[in-house]
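Colleague: Numbering (this note's numbering), first residue to last: 87 to 384.
(1) Whether or not the region 195-212 and the region 242-259 are in contact is what I'm after, with contact meaning three or more pairs of Cβ atoms, one per stretch, closer than 8 Å; do they touch?
(2) Expressed to the nearest angstrom, what Euclidean distance is found between the alpha-carbon atoms of residue 300 and residue 306?
(3) Can you give me the Cβ contacts of residue 128 inside the same chain, cut-off strictly under 7 Å, excluding the 5 residues immediately before and after it?
(4) How many Å lie between residue 118 and residue 319 at the Cα?
(5) Give me the DSSP bridge partner(s) of residue 252.
(6) What three-state label does DSSP hand residue 215 in the structure shown?
(7) Could you round the C-beta distance between residue 234 and residue 205 to whole angstroms and report it? I think they count as a contact, below 8 Å.
(8) Based on Cα-Cα distance, which residue from 177, 202, 167, 200 lies nearest to residue 188?
(9) Compare the Cα-Cα distances from residue 329 to each of 100, 116, 230 and report the closest residue.
(10) Extract the residue ranges of the alpha helix (DSSP H) inside the region 152-202, only unbroken runs of 4 or more that lie entirely within it.
(11) Once the 5 residues before and after residue 452 are set aside, which same chain residues still bring their CB inside 8 Å of it?
(12) With contact counted as at least three CB pairs below 8 Å, one residue from each stretch, are the region 171-181 and the region 92-109 in contact?
(13) Under a Cβ-count criterion, where at least 16 other Cβ atoms within 10 Å of its own Cβ denotes burial, should residue 349 be classed as buried or exposed?
(14) For the alpha helix (DSSP H) that residue 269 lies in, which residues bound it at each end?
(15) Taking 8 Å as the cut-off, decide whether the C-beta atoms of residue 366 and residue 342 are in contact.
(16) CA-CA distance, residue 87 and residue 164?
(17) For residue 242, count neighbouring C-beta atoms within 10 Å of its own C-beta (all shown protein chains included) and say buried if the count is 16 or more, exposed if not.
(18) When we look at the beta-carbon of residue 237 and count the other beta-carbons within 10 Å, is it buried (16 or more) or exposed?
(19) Would you identify the three-state DSSP class for residue 247, choosing helix, strand or coil?
(20) Do you know whose CA, among 161, 111, 90, lies nearest residue 124's CA?
(21) Here's the rule: buried if 16 or more other CB atoms are within 10 angstroms of the residue's CB, otherwise exposed. What is residue 253?
(22) Expressed to the nearest angstrom, what Euclidean distance is found between the alpha-carbon atoms of residue 323 and residue 209?
(23) Is it right to say residue 108 is buried, meaning 16 or more other beta carbons lie within 10 angstroms of its own, or is it exposed?
(24) Thinking C-alpha only, which one of 133, 227, 114 is nearest residue 179?
(25) Residues in its own chain within less than 7 Å of residue 272 by CB, not counting five upstream and five downstream?
(26) Compare the Cα-Cα distances from residue 337 to each of 294, 286, 277 and report the closest residue.
Here's what the structure looks like:
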């Protein structure tokens, strides 16, 4: 009996992840990108050709010749490890070939963020840039506003539905965020004003989409390309280096500088571990300066 091809097995694994494990589209895309890269560079098509030597060569080559960061190495290792565990469970391989493989220590890097002045510059630019449609002006400011004032991830913004945003109760419901966790995020009065302006213009155009953010001319949900293009225009206009995720980092920094405690911030951001949130303490020299003045000898 011929052995099934790895590509076919991988497609079955993706179905398992989607249907049984309920992985998000973002997580599934991570698996796809990792597998495409490994399959292309290794050239291996059948499970019996896999070995520890094959994976060690691939990982070492990526680290030494392609200059992968520790995070990239560990990212690929995580995705391949779970796929190999599934292959082992299904009886397609005799062992998980990368269990026990040493991984490079993760560098503790300070997240790239924006100052209060820079964040305001980006928010203002999202409204005052030239647009062909008024709707685009209000929508783009609302996208930036929700990232800066509520800390949503890009894919959370894209998946946001109309009934997830509750103006009367000042909340945003994040349905199945990272790690398949729901959470409720409060809205400030500033954000409510920004969002209300967008909703008013959305109603004017009689948009029928169930998604909160839509395309300009079609009633389709806002896509990743549209958000990336938006950020590219904002970078050019403000002459600042940032991405949509930088705005989330800026939210965390500005919340801390405003006096928010770490525990509350971790809940708002949807972090499963509070240690993930503590890294933002190093982003805020203002917060550290306030803390150092608490020294009893001062």
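Glycine included, each C-beta is placed from N, C-alpha and C at the ideal position.
Modeller: For this structure:
(1) no
(2) Here residue 300 refers to the residue found at position 214 of the chain shown. Here residue 306 refers to the residue found at position 220 of the chain shown. C-alpha separation (whole angstroms): 5 Å.
(3) Sequence index remark: in the chain shown, residue 128 carries index 42 (1-based). Once the five neighbours on either side are set aside, the close Cβ partners of residue 128 are 140, 144.
(4) On the chain shown, residue 118 is found 32 positions in, with the first residue counted as 1. On the chain shown, residue 319 is found 233 positions in, with the first residue counted as 1. Approximately 29 Å between the Cα atoms of the pair.
(5) Within the chain shown, the letter at position 166 stands for residue 252. DSSP output for residue 252 lists 257 as bridge partner(s).
(6) On the chain shown, position 129 is the one that residue 215 refers to. In this structure, residue 215 counts as coil in the three-state DSSP scheme.
(7) What you label residue 234 is simply residue 148 of the chain shown in a count that begins at 1. What you label residue 205 is simply residue 119 of the chain shown in a count that begins at 1. Yes, they are in contact, since the Cβ atoms of residue 234 and residue 205 sit about 6 Å apart, within 8 Å.
(8) Position 102 of the chain shown, counting from 1, holds the residue named residue 188. When only C-alpha atoms are compared, the closest one is 167.
(9) Residue numbering aside, residue 329 sits at position 243 when the chain shown is read from its first letter. Ranking 100, 116, 230 by Cα distance to residue 329 puts 230 first.
(10) 156-175
(11) Beyond the ends of the chain as shown, which are 87 and 384, falls residue 452; an answer cannot be given.
(12) yes
(13) As a first step, residue 349 must be located in the chain shown, where it is residue number 263. Label assigned to residue 349: exposed.
(14) The residue given as residue 269 occupies position 183 in the chain shown. Taken as a continuous stretch (DSSP letters only), residue 269 belongs to no alpha helix (DSSP H), being part of the beta strand (DSSP E) at 269-272.
(15) For this step, residue 366 is matched to residue 280 along the chain shown. For this step, residue 342 is matched to residue 256 along the chain shown. Yes.
(16) For the purposes of this step, residue 87 is identified with residue 1 of the chain shown, where counting begins at 1. For the purposes of this step, residue 164 is identified with residue 78 of the chain shown, where counting begins at 1. Only weak support is given to the placement of residue 87: the predicted model assigns it a pLDDT of 49, under 50, and the value that follows is read from those uncertain coordinates. Going by the C-alpha atoms only, they are around 31 Å apart.
(17) In the chain shown, residue 242 corresponds to position 156, counting from 1. The residue in question, residue 242, is buried, as its Cβ has 16 or more Cβ neighbours within 10 Å.
(18) For this step, residue 237 is matched to residue 151 along the chain shown. Under this definition residue 237 is a buried residue.
(19) The residue you call residue 247 lines up with position 161 of the chain shown. Secondary structure at residue 247: strand, using DSSP grouped into helix, strand and coil.
(20) What you label residue 124 is simply residue 38 of the chain shown in a count that begins at 1. That would be 161, whose Cα lies nearest to the Cα of residue 124.
(21) If you number the chain shown from 1, residue 253 lands on position 167. Exposed, because fewer than 16 other Cβ atoms sit within 10 Å of the Cβ of residue 253.
(22) If you number the chain shown from 1, residue 323 lands on position 237. If you number the chain shown from 1, residue 209 lands on position 123. If you take the alpha carbons of residue 323 and residue 209, they lie about 11 Å apart.
(23) The residue you call residue 108 lines up with position 22 of the chain shown. Around the beta carbon of residue 108, a 10 Å sphere encloses fewer than 16 other beta carbons of the protein chains shown; the residue is thus reported as exposed.
(24) For this step, residue 179 is matched to residue 93 along the chain shown. For the residues 133, 227, 114, the minimum Cα distance to residue 179 belongs to 133.
(25) Sequence index remark: in the chain shown, residue 272 carries index 186 (1-based). Result list for residue 272: 256, 257, in chain order.
(26) Taking the chain shown and counting its residues from 1, the one referred to as residue 337 is at position 251. Of 294, 286, 277, the residue nearest in Cα terms is 277.
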